[in-house]
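Those letters in the sequence shown? Residues 6 to 117, by the working numbering.
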Amino acid sequence: MRFLPIAVCLLVLVQCCSIPNTPKLGVIAVSVQEVGNYTPINGIRVDVLQTNQTKMTDSTGVAAFEVNPGTYTLRVYNLQLGGPVIRSIDSIVTVMAGQADTVKYLECLACR
């Protein structure tokens, strides 16, 4: 009889602290760097088309998005890749749960 309160406390503790079975998110990171010296470039717009998320690359040249596992289209704007400025470029990326995928772009600022 004296173990009953302990058993009840353990049962309540297990039920309170159980983690719901939620899917893990993945991360898409877009990195934009200068050709040649790999200096990060901030202020480049990046969209994830399926989620309507938009971010600008930060001072490290990265825009990161948390997404559900799946396949996504990234759209990166106004890159100068050695020719005329490209209005936008699309890339496909597949993200797994709990993983981060990085898509890298090299920009030619001297070409502008």
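A virtual CB, placed ideally from N, CA and C, is assigned to each residue, including glycine.
By the 16-neighbour rule on beta-carbons within 10 angstroms, ALA102 is exposed. Per DSSP, the continuous beta strand (DSSP E) segment holding ALA69 begins and ends at 67-72. ALA105 is classed as exposed because its beta carbon has fewer than 16 other beta carbons within 10 Å across all chains shown.
Under the DSSP assignment, GLN38 falls in the beta strand (DSSP E) whose first and last residues are 31-39. Distances from the alpha-carbon of ARG92 to those of THR76, ARG50, LYS109 put ARG50 closest.
For GLN58, the enclosing beta strand (DSSP E) starts and ends at 58-61.
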